[in-house]
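What follows is a set of notes on a single structure, which appears directly below.
Number of protein chains: 2
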Amino acid sequence: MTEQEIKFKEKIKAIQDTMYVIGGKWKIVIILSIYNGNKRFNDIVASIPKITNRVLSKELKHLEENLLISRKVIDEYPVRIEYTLTEYCLSIDELAGPMEKWGKNHMKKISGK
Amino acid sequence: MTEQEIKFKEKIKAIQDTMYVIGGKWKIVIILSIYNGNKRFNDIVASIPKITNRVLSKELKHLEENLLISRKVIDEYPVRIEYTLTEYCLSIDELAGPMEKWGKNHMKKISGK
DNA sequence: TCATTAAGTATACTTTAGGATACAGGTATC
DNA sequence: GATACCTGTATCCTAAAGTATACTTAATGA
Numbered sequence: 001m002t003e004q005e006i007k008f009k010e011k012i013k014a015i016q017d018t019m020y021v022i023g024g025k026w027k028i029v030i031i032l033s034i035y036n037g038n039k040r041f042n043d044i045v046a047s048i049p050k051i052t053n054r055v056l057s058k059e060l061k062h063l064e065e066n067l068l069i070s071r072k073v074i075d076e077y078p079v080r081i082e083y084t085l086t087e088y089c090l091s092i093d094e095l096a097g098p099m100e101k102w103g104k105n106h107m108k109k110i111s112g113k
Numbered sequence: 001m002t003e004q005e006i007k008f009k010e011k012i013k014a015i016q017d018t019m020y021v022i023g024g025k026w027k028i029v030i031i032l033s034i035y036n037g038n039k040r041f042n043d044i045v046a047s048i049p050k051i052t053n054r055v056l057s058k059e060l061k062h063l064e065e066n067l068l069i070s071r072k073v074i075d076e077y078p079v080r081i082e083y084t085l086t087e088y089c090l091s092i093d094e095l096a097g098p099m100e101k102w103g104k105n106h107m108k109k110i111s112g113k
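Structure, rendered in C-alpha cells:
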C-alpha cells in the first residue's frame, strides 16, 4: 500500500466516524435546539417539527454517550431534567456552520437547474 | 412565530438537506476516491474497503442527480465509463475537510475518556 | 467456439433508522 | 381518590440503507 493509499484510508475512517456521531436526520438539529435555549425534553420536542419523543430519547442518549451533551436531574417537584451542551460540543460549530451554508446554496443550485 | 424561530427552522431545513445529499456512509468517501484519481467503476470499487458494486452503483446515480459528478461514456472497445467531479463538487471540500478533522479529534477524545 | 473484460443489474436477503401510539411511575393538587 | 404534569419507555410497524452472490450484455481475440 502506498503512502497515499494509507492516507486515503485514514480519511475514510475519520469521515465515517464523524458521520456515525453526527449523521442522520436529527442529531445536529437537536444540538442546535439546545444551543437555542431549550433545556427540557418537552421543550426540545416542541421546538423541532415532526420529531417524536421516542426518536428524541434515543438521540439524546447517543449524544450523551459521545460527550456532546450532559443530562442533569433536578430534584424538584415533578422531577425536571436539564440537557445542556458540553464545552466539547461547541466544536460541532465547525461542521454545522458549513453544512447550513452548503445546504442553502445547494437548494438554489438544484431548484434552478 | 418569532423571527428567531423562523431562522431556526430554516437552519434545520438546510442541514437536513445537506444530510440528504452527502449523508450516509459512502457519499463523501466516493467523492474523495474520484478526487484521488479513480475514474472508472472498478477502480472506485477497489479503492474503497468493503463497498459493494450495487451500493456504488446507487450512490453514483444519487451523486450525478445532485450535480456532484458527471458520467462520460467512452466508446472504445469494452465500453469505458469515466466518472469525474464537477466544478461544483469542489465545494464539498468545505464539508469534507472539517469532517475529517473533527472525526480524527473525536476518536482521540472518545478513546481516552 | 470459448473465455475474458467492463460496467453494471437482478434477486433476495439483513440491519438500522425512523415513526405511531399507548401508557407507566412518581408527585402534587383538587 | 381522581386528575394532571413531566420524562420518558414499550410495543409494533414501515421504509431506507446496506450486503451477498449470481448473472447480463457486448465485443474481442486466442
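Line order of the protein sequences matches chains A and B.
Last residue of the first sequence: 113 in UniProt numbering, with the numbers rising by one and none dropped.
Last residue of the second sequence: 113 in UniProt numbering, with the numbers rising by one and none dropped.
Glycine is no exception: its CB is placed at the ideal position from the N, C-alpha and C atoms.
Give the DSSP-derived three-state secondary structure of residue i in the structure shown.
i            : result
residue 63/B : helix
residue 48/B : coil
residue 55/A : helix
residue 85/A : strand
residue 39/B : coil
residue 21/A : helix
residue 79/A : coil
How close, in whole Å, do the beta carbons of residue i and residue j come, if the pair is a contact with beta carbons under 8 Å?
i             : j             : result
residue 103/B : residue 46/A  : Not confirmed; about 32 Å, so no contact.
residue 115/A : residue 48/A  : Because chain A spans 1 through 113 in this model, residue 115/A falls outside it and cannot be assessed.
residue 44/B  : residue 33/B  : 5 Å
residue 19/A  : residue 101/B : Actually they are not in contact, since the Cβ atoms of residue 19/A and residue 101/B sit about 14 Å apart, beyond 8 Å.
Would you report the Cα separation of residue i and residue j, rounded to the nearest angstrom?
i             : j             : result
residue 94/A  : residue 76/B  : 45 Å
residue 2/B   : residue 80/A  : 26 Å
residue 68/B  : residue 51/A  : 30 Å
residue 16/B  : residue 36/B  : 28 Å
residue 11/A  : residue 98/B  : 11 Å
residue 87/A  : residue 74/B  : 53 Å
residue 64/A  : residue 78/B  : 53 Å
residue 105/A : residue 90/B  : 13 Å
residue 62/A  : residue 108/B : 18 Å
residue 8/B   : residue 42/B  : 43 Å
residue 120/B : residue 53/A  : Residue coverage of chain B in this structure runs from 1 to 113, which leaves residue 120/B outside it and unanswerable.
residue 110/A : residue 110/B : 38 Å
residue 4/B   : residue 112/A : 28 Å
Which residues in the same chain have their Cβ closer than 8 Å to the Cβ of residue i, if we skip the five residues on either side of it in sequence?
i            : result
residue 92/B : 22, 28, 31 and 68
residue 66/A : 21
Using a Cβ-Cβ cutoff of less than 6 Å, which residues in the same chain neighbour residue i once the five nearest sequence positions on both sides are dropped?
i            : result
residue 84/A : 70
residue 96/B : 28
residue 72/B : 82
residue 38/B : 44 and 47
What does a CB cutoff of less than 7 Å around residue i pick up in its chain, not counting 5 residues either side in sequence?
i            : result
residue 59/A : 26, 27 and 30
residue 40/A : 80, 81 and 82
Worksheet item: Looking at chain B, which residues of the region 66-92 of chain A have a Cβ within less than 9 Å of any of its Cβ atoms?
Response: 66, 67, 88, 91 and 92
Practice prompt. Residues of the region 25-50 of chain B with a CB closer than 8 Å to any CB of chain A: list them in chain order, please.
Written response: 25, 28, 29, 32, 33, 36, 47, 48 and 49
Worksheet entry | Under 9 Å (Cβ pairs) to chain B, residues found in the region 4-20 of chain A | 4, 5, 8, 9, 10, 11, 12, 13, 14, 15, 16, 17, 18, 19 and 20
Discussion item. By the 9 Å beta-carbon criterion, what residues does the region 100-113 of chain A contribute toward chain B?
Written reply: 100, 101, 102, 103, 104, 105, 106, 107, 109, 110 and 113
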